[in-house]
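Everything below concerns the one structure shown next.
In this note's numbering, the protein residues as written are 1 to 505.
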C-alpha cells in the first residue's frame, strides 16, 4: 500500500510504528526528550508499505482557538487526538470487524481476533447502568483516538513520561483529561458501563475492542521494547495511574495466558527503580502494622530522610507544633520511611493520598468484580489498604517516632540538608541522618518531644477525588463481604511481593 498524503484541519504529523523513545509526533520545541524529526513521514510521502505497519497521525492542539494545553509545562505543545491506520498484507476475515486493532508500537505486531477472548468473563451486572448507542460510540471514539504509551518512562534517557509531566502533552486533549488520574477515572467510568447488563455483548463490542486495543498498545510498549531498553509504568503523585489496568483487562479476557503471566510479575518489581510502578501498587507499602501510603523519593544520603522531616517540620501540622498548620508545603507525597503511618509527611491523609485513592479504589473494585483481574494484579496489599481507608480512615497510631523538638527553630532549621538545626538527629528525626535506612528517634525528651507524630488525626476520613461515580455509589455491593478478591476455587493464589521498604536502590 502507498500512502500519498495525510491532511488535517490542523497541524498534523505522522509516524510509522512509533517508539516511545524516538518519535515524530509534535515538534520538539518543548524538549520533551523523545522527538526525532526523521520519524515524521509526511515530508517523505508518498511512501509504500508491505509489512504490517501502523501509521499513527497526531493532530496538535490549536491553543489559540481551542484553549491552552492542560498545564504550564506543556503550553504550546500538546496533542488533540490520534488517528491510526493499520496496513495489513491481506484483508482479514469480516474486513477486520472481528479483530482488535494491532498494537501501534513494539517489535512485533499482535493480530488478535475476538475468538481469542473468553467474553463470558466480562461482568454483566444489573446494579450498574449502561448508556445509549450514542454513549457507546463516545466510548469507542475516546479510546480509539487516544494512547497512553508516550507517558511511559524508559532507561534510554529520552523519557517523555518525565519531561512532559507524566505524559500530559501526549494525552488526547479533546477526548480525555490531560492529568493521569483524570484519564484513569474516565477509563473506569467507561468500564463500568461495559460491565452493565443493559447491553448485549454485540452492542458493547465496538467500545470494548477500542478499550482492549488501548490496553494492547500499553502491553507491547512495556513488554516489547527495543533491545537493551527498559520501560517503566511511572510513579509519583497522581501523574501516572491508569496505565496498568487496561492491559490487565486485556489479559484477563484472553484465553492464552501469556499476557496474564507477564503482567502478574509486575507486583514483584514495583520498586526495582524509582519509576517502575505501576503507581497504584507502588504507593502502597507493606508497613510495620499493615499497608501504608506514599511515594519513595528519588533522593539519597542525608536528603532522603531529611526530605521527610523537612516537609513535616515546615508544615507545622504534627502534634504539638507551635506554628500554623499548612499541609500544602513541599512535595506532599512522600511515604513514611519508617513504615508506621500513612504519608504525606506534611499531614497524613492530605493532598495526593486523596487524589490517588479514587483510582486505587476503582482498581480494587474491578478486582472484586472480575477475579481474573485480581489474580493478575497480584497485590493483596492494595485491597487491604483500600479496605482500611474506607472502614477506618488514615493510619497514624502505633507510631514510636517522636515529634520535632519544640526548642528547634522551625523557620531556619533545614533537615533536608541537615543545616541550621540544633536538635535534629539528636532528640528528634532520623537517628542517623546520612543513612537512608536509619531508624527514627523513639526516645522522648519531655517536655520538648513526645512519641507519635500525628496521633491526634488517627482514623480521619479521606475525601477521594478522581473517582468513578458508579463505583462510589455501588461500593458496598461491589466490595461484598469476601475477605479477598480471589475466586474461591482459585489455585493460583497470591504470592507476596517483596517488602516496600527495601531502600537499597
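Ideal Cβ positions, reconstructed from N, Cα and C, are used throughout, including at glycine.
Asked: Cut-off 8 Å between Cβ atoms - residues of its own chain near residue 343, not counting five sequence neighbours on either side; Found: 292, 293, 294, 295, 333, 334, 335, 336, 353
Asked: Per-residue burial, residue 411 [other beta carbons within 10 Å of its own, 16 or more giving buried]; Found: exposed
Asked: Extent of the continuous alpha helix (DSSP H) run through residue 239; Found: Here residue 239 belongs to no alpha helix (DSSP H), and DSSP marks it neither H nor E.
Asked: Beta-carbon contacts of residue 192 that lie in its chain and below 7 Å, excluding the five residues immediately before and after; Found: 128, 468, 470, 471
Asked: Per-residue DSSP class, three states only, for residue 416; Found: coil
Asked: For residue 125, the residue or residues it bridges with in DSSP; Found: 196
Asked: Rounded separation between residue 457 and residue 476 - CA only; Found: 25 Å
Asked: Pair within 8 Å by beta-carbon distance, residue 387 and residue 340; Found: no
Asked: Cβ neighbours of residue 49 in the same chain (closer than 6 Å, five flanking residues each side left out); Found: 1, 87
Asked: Limits of the unbroken alpha helix (DSSP H) element including residue 457; Found: First-last for residue 457: undefined, no H or E at that position.
Asked: Among 185, 218, 419, 450, the one whose alpha carbon lies nearest that of residue 356; Found: 185
Asked: Check whether residue 519 and residue 6 have beta carbons under 8 Å apart; Found: Any question about residue 519 goes unanswered here, given that the chain covers just 1 to 505.
Asked: Identity of the residue in 227, 224, 249, 65 nearest residue 364 by Cα; Found: 249
Asked: Segment contact, 8 Å Cβ cut-off, at least three pairs: the segment 63–71 with the segment 99–117; Found: no
Asked: Cβ distance (whole Å) where residue 359 is taken to contact residue 367 below 8 Å; Found: Rounded, the Cβ-Cβ distance is 13 Å, inconsistent with contact.
Asked: Inter-stretch contact (C-beta, 8 Å, three-pair minimum) for the segment 76–94 and the segment 189–203; Found: no
Asked: Whole-angstrom C-beta distance between residue 154 and residue 265, which should lie under 8 Å; Found: Not confirmed; about 19 Å, so no contact.
Asked: Unbroken alpha helix (DSSP H) run spanning residue 475, endpoints; Found: 475–479
Asked: Whole-angstrom distance between residue 142 and residue 56, CA atom to CA atom; Found: 16 Å
Asked: Helix, strand or coil at residue 187 [DSSP, three-state]; Found: helix
Asked: Given residue 125 as reference, the closest of 195, 301, 167 once Cα atoms are compared; Found: 195
Asked: Assigned secondary structure, residue 386 (DSSP; H/G/I helix, E/B strand, else coil); Found: helix
Asked: Nearest to residue 382 (by Cα), restricted to the options 254, 67, 361; Found: 361
Asked: Beta carbon proximity, residue 455 to chain C, threshold 8 Å; Found: Of the chains in the structure shown, none is chain C; there is only one protein chain.
Asked: Nonlocal neighbours in the same chain, by C-beta distance under 6 Å from residue 451, ignoring five residues either side; Found: 400, 402, 444
Asked: For residue 437, the first and last residue of its enclosing alpha helix (DSSP H); Found: No alpha helix (DSSP H) contains residue 437, which DSSP labels as neither H nor E.
Asked: With 16 other Cβ atoms within 10 Å as the buried cut-off, status of residue 485; Found: buried
Asked: Cβ neighbours of residue 121 in the same chain (closer than 8 Å, five flanking residues each side left out); Found: 252, 253, 370, 372
Asked: Coil, strand or helix - residue 217 by DSSP; Found: helix
Asked: Under the three-state DSSP convention, the category residue 356 falls into; Found: helix
Asked: Residue of 113, 313, 85, 223 minimising C-alpha distance to residue 94; Found: 113
Asked: Cβ contact (3+ pairs, closer than 8 Å) linking the segment 264–281 and the segment 236–250; Found: yes
Asked: Bridge partners - residue 16, DSSP secondary structure assignment; Found: 55
Asked: Euclidean distance between Cα positions of residue 270 and residue 9; Found: 42 Å
Asked: Whole-number beta carbon distance between residue 407 and residue 319, since they are thought to touch under 8 Å; Found: Not quite, the Cβ-Cβ distance comes to about 16 Å (not below 8 Å), so this is no contact.
Asked: Cβ neighbour criterion (16 or more within 10 Å) applied to residue 513; Found: Residue 513 lies beyond the range of the chain shown here (1 to 505); nothing can be said about it.
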